[in-house]
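For reference, the structure is listed below as structure tokens.
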Amino acid sequence: MGLRKRHDSAPEFTLGTIRHWHIALTMGLVSVLIAATGDAGRELLKYDRLAILDGDYYRFVSAHFTHLGVGHLALNLAGLALVWLLVGRYRSAMQWLLITSASIGAISAGFWFIETGLLWYVGLSGILHGLLAAGALAGLRFARSESLIILGALAAKLAWEQLVGAMPASASLSGGEVVVDAHLYGALGGISAGLILWHRAVGRASI
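Under our numbering, think of the first position of the sequence shown as -16, with each following residue one higher.
Printed below as a string of structure tokens:
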């Protein structure tokens, strides 16, 4: 069997052609609206193991769009914008929704089944690692060198966090202790979804 195409044309990298910005905007807007509810909203929506045991299963999702405060929110919104600038053009809207769901699922499952001592958590950063991983993986088809650099930097960051701990100053910038395992689980979820999408794309390209 051959392939219908040997190379794909790279999506143009300009601010005017960044695709599916509404996905990132929606995630950011949901996070801002939750932040506007203050402490009461954070207590109601954060990942809380004891509350989940009582049936608050929605917290598996809502926690990822909830933040400690303005500083934490601003840091994650800046990260979301950077991720979209780097890799937002490489996936369709439905693919981004799938990747986001996979990242949320991986993080929440990791917390529930592995991090059994973790009582609470908030933040978008785990999802951001999943989006970046899946986007850079897709980017290998269009901009190999750039995407390899992104994947290498992401792998180095995750390794540092697992071996040494949170990146310097990250706790002070976010306003609380950084749960680095959220980044690892999010990246694994994003990579898993990205590999599934890659396999499907290769299958469709075959003759």
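Glycine residues also receive a C-beta, built at the ideal position from the N, C-alpha and C atoms. Keep in mind it's a predicted model, so treat the numbers as computed, not measured.
| Asked | Found |
| --- | --- |
| Got a sec? Which residues, its chain only, sit under 6 Å from Leu167 by beta carbon, not counting five neighbours each side? | Leu141 |
| Using the Cα positions of Gly52 and Ser157, report the straight-line distance between them to the nearest angstrom. | 8 Å |
| Please determine if the region 77 to 93 and the region 114 to 125 are in contact, where contact requires at least 3 C-beta pairs separated by less than 8 Å. | yes |
| Is it the case that the Cβ atoms of Leu63 and Met10 are separated by a distance below 8 Å? | yes |
| Just the Cα atoms here: how many angstroms apart are Asp39 and Ser14? | 19 Å |
| Pick out the complete beta strand (DSSP E) segments inside the region 79 to 158, 3 residues or longer, and give them in chain order. | none |
| Return yes when the Cβ of Asp31 is within less than 8 Å of the Cβ of Gly93, no when it is not. | no |
| Kindly indicate which residue of Ile179, Ala170, Leu123 has the alpha-carbon position closest to the one of Ile87. | Ala170 |
| In this structure, how does DSSP classify Ser175 when only helix, strand and coil are distinguished? | helix |
| Mind checking whether Ala89 and Ile6 have CB atoms under 8 Å apart? | no |
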